[in-house]
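Q:
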Amino acid sequence: MASTSTVRTGMTVEQAFAAIVRDSFAQLLHHAAGVRGGDAPESVHQMRVGLRRLRLALRLFGRWIAVPPNLLAELRWLRVRLGAARDADVLAGGTLAALAATCPPEDGLAALQEAAAVHAQGMRQLAASAVKSARCARLMRDLSAWLQAAPWQAVPDDALQRALRQPIGPRAARMLRRRHARLVEIGERLHPDQSEERHRLRIAAKKLRYATEFFQAVRPSGHTRRFLRRLAALLDVLGGLNDAVVADLLLRDLALREPALAGSTAFARGYLCAATAQDLPALVRRWRRFVAVGPP
């Protein structure tokens, strides 16, 4: 779960932006030390979450606060490096471990798990190198300097300055309604057996979850908690289905690199394909329960 935002009732748009970005940036920096060590999967995950929250905050407030394109490009670069490490960690420490615990003993599965673990370690080292690099240090300095300088305050646009001083509550409500409407639009067109469509739905759902968490303190509390529970349940099944798709791609690549593992990778891919088919009805049920709760 992402850290709780410090947005509070009575904050202005600008104050809410500063609070959300400060929290997300702090989460990113806090877990960078673990990533630099090269052997902390949870640090990779949490730094990636902080980065996602930060990028979403910059988008949500982008109509009022323009972000320098070079910062956005460098944040994308870091996201890719962390994402590759996280995918490898999920395969080794999550997907294959769960498969080994639930399926009958299979010759070669232990060797497959070991090879996946070695690959994950290598990807964490690459992520560590990226986070330790001069390029990442420059990104952190530039982002911090931009936030401290707050150049949007000097923009000679009276309408913009008035908007930044408006209370966040009504603006937050509109942001969440738009995000919710976009998610429902994607979901109503969803073909559950299409992995690309499920991926789009999952990304939109994660963004809505983070946005709702940002503004939770300025929304009706009981309804928002229920909404987040339903959304989390939807994301659980979407996450499992996505993990299976990513695992299939990584297992295929692993078999190409290590032909001796072809048999065990084929077994694992077949098992995951069958498990995915069994999980699709749960996706439909959780989607219906989510839609029924209404917007946050």
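The opening residue of the sequence shown carries number -5 in this note's numbering; numbering runs sequentially from there.
Backbone N, C-alpha and C fix where the C-beta goes; we use that ideal spot for every residue, glycine too.
When we look at the beta-carbon of THR3 and count the other beta-carbons within 10 Å, is it buried (16 or more) or exposed?
A: THR3 should be labelled exposed.
Q: Quick one: any contact between the segment 139 to 150 and the segment 70 to 77, if contact means 3 or more CB pairs under 8 angstroms?
A: Short answer: they don't touch.
Q: Per DSSP, THR96 forms a beta bridge with which residues?
A: Partner(s): none; THR96 has no beta bridge.
Q: Could you give the DSSP three-state label for THR270: helix, strand or coil?
A: It is helical.
Q: May I ask which residues mark the beginning and end of the alpha helix (DSSP H) holding MET117?
A: Looking at the DSSP string, the run of the alpha helix (DSSP H) that includes MET117 is 103 to 126.
Q: Could you check if ASN236 is buried or exposed, using at least 16 other CB atoms within 10 Å of its CB as the buried criterion?
A: Buried: at least 16 other Cβ atoms inside 10 Å.
Q: Counting pairs of beta carbons, one from the segment 267 to 276 and one from the segment 127 to 135, are three or more of them closer than 8 angstroms?
A: Short answer: they don't touch.
Q: Check each candidate in LEU90, PHE11 and ILE162 and name the one with the smallest Cα separation from ALA241.
A: Ranking LEU90, PHE11 and ILE162 by Cα distance to ALA241 puts LEU90 first.
Q: If distances are taken between C-alpha atoms only, which option among ALA86, GLN40 and HIS217 comes closest to LEU248?
A: Among ALA86, GLN40 and HIS217, the Cα nearest to that of LEU248 belongs to ALA86.
Q: For the candidate residues ALA105, ALA10 and LEU184, whose alpha-carbon lies nearest to that of ALA254?
A: It is ALA105.
Q: Tell me which residues share the same chain as ALA94 and place their Cβ nearer than 7 angstroms to its Cβ, disregarding the 5 neighbours each side in the sequence.
A: Same-chain partners within the cutoff: LEU103 and GLN107.
Q: Would you check if the segment 5 to 22 and the segment 36 to 51 touch, i.e. whether three or more CB-CB distances between them fall below 8 angstroms?
A: Touching, yes, given that three or more Cβ pairs across the two stretches are closer than 8 angstroms.
Q: List in chain order: all unbroken alpha helix (DSSP H) runs of 4+ residues lying wholly within the segment 3 to 42.
A: As far as the segment 3 to 42 is concerned, its whole alpha helix (DSSP H) runs of at least 4 residues are 7 to 31.
Q: Below 6 angstroms CB to CB, which residues in the same chain sit around ALA111 once its five sequence neighbours on both sides are set aside?
A: If we look at ALA111 and ignore the five residues flanking it on each side, its Cβ neighbours are ALA86.
Q: For ALA260 and LEU277, I'd like the C-alpha separation in whole angstroms.
A: The alpha-carbon atoms of ALA260 and LEU277 are separated by roughly 25 angstroms.
Q: What is the rounded straight-line gap between the Cα of GLN68 and the Cα of CYS97?
A: Residue identity differs from the one stated: residue 68 is Glu in this sequence, not Gln. Those two C-alpha atoms are separated by around 42 angstroms.
Q: Given a threshold of 16 other Cβ atoms within 10 Å of its Cβ, counted over all protein chains shown, does MET(-5) qualify as buried or as exposed?
A: Residue placement at MET(-5) is poorly supported in this model, since its pLDDT is 41, which falls under 50; the coordinates still yield a value, given next. By the 10 Å Cβ count, MET(-5) comes out exposed.
Q: For PRO63, which of helix, strand or coil comes out of DSSP?
A: Correct three-state label for PRO63: helix.
Q: With distances taken Cα to Cα, identify the nearest neighbour of GLY56 among VAL43, ARG165, GLY77 and GLY44.
A: Comparing Cα positions, the closest option is ARG165.
Q: Using three-state DSSP, classify PRO275 as helix, strand or coil.
A: Reduced to three states, the DSSP call for PRO275 is helix.
Q: Using only the alpha-carbon positions, how far apart do GLY264 and HIS113 sit?
A: Cα to Cα, GLY264 sits roughly 21 angstroms from HIS113.
Q: Which of helix, strand or coil does DSSP assign to PRO289?
A: It is coil, neither helix nor strand.
Q: Could you check what DSSP says for PRO161 in three-state terms: helix, strand or coil?
A: Three-state DSSP puts PRO161 in a strand.
Q: Which residue marks the beginning of the alpha helix (DSSP H) containing ALA249, and which one marks its end?
A: Segment 215 to 251, the alpha helix (DSSP H) holding ALA249.
Q: Which residue marks the beginning of the alpha helix (DSSP H) containing PHE209, and which one marks its end?
A: First-last for PHE209: undefined, no H or E at that position.
Q: Between the C-alpha atoms of CYS130 and PRO275, what's the straight-line distance to the nearest angstrom?
A: Answer to the nearest angstrom: the Cα atoms are 43 angstroms apart.
Q: Is ALA121 near VAL38, with beta carbons less than 9 angstroms apart?
A: Yes, the pair counts as a contact, with Cβ atoms nearer than the cut-off.
Q: Is there contact here, the segment 167 to 182 with the segment 199 to 213, by at least three beta-carbon pairs under 8 angstroms?
A: Touching, yes, given that three or more Cβ pairs across the two stretches are closer than 8 angstroms.
Q: Take LEU154 as the anchor and find which of GLY31, ILE59 and ARG47 has the nearest alpha-carbon.
A: When each option's Cα is compared against that of LEU154, the closest is ILE59.
Q: Is GLY181 closer than 9 angstroms to VAL285 when the C-beta atoms are compared?
A: Against a cut-off of 9 angstroms, the Cβ pair of GLY181 and VAL285 comes out as a contact.
Q: Ignore the nearest five residues each way along the sequence and tell me which others in MET5's own chain have a CB closer than 6 angstroms to its CB.
A: For MET5, where only same-chain residues beyond five positions count, the Cβ hits under 6 angstroms are ILE162.
Q: Where ARG223 and ALA157 are concerned, what is the direct C-alpha to C-alpha distance, given to the nearest angstrom?
A: Rounded to the nearest angstrom, the two C-alpha atoms are 32 angstroms apart.
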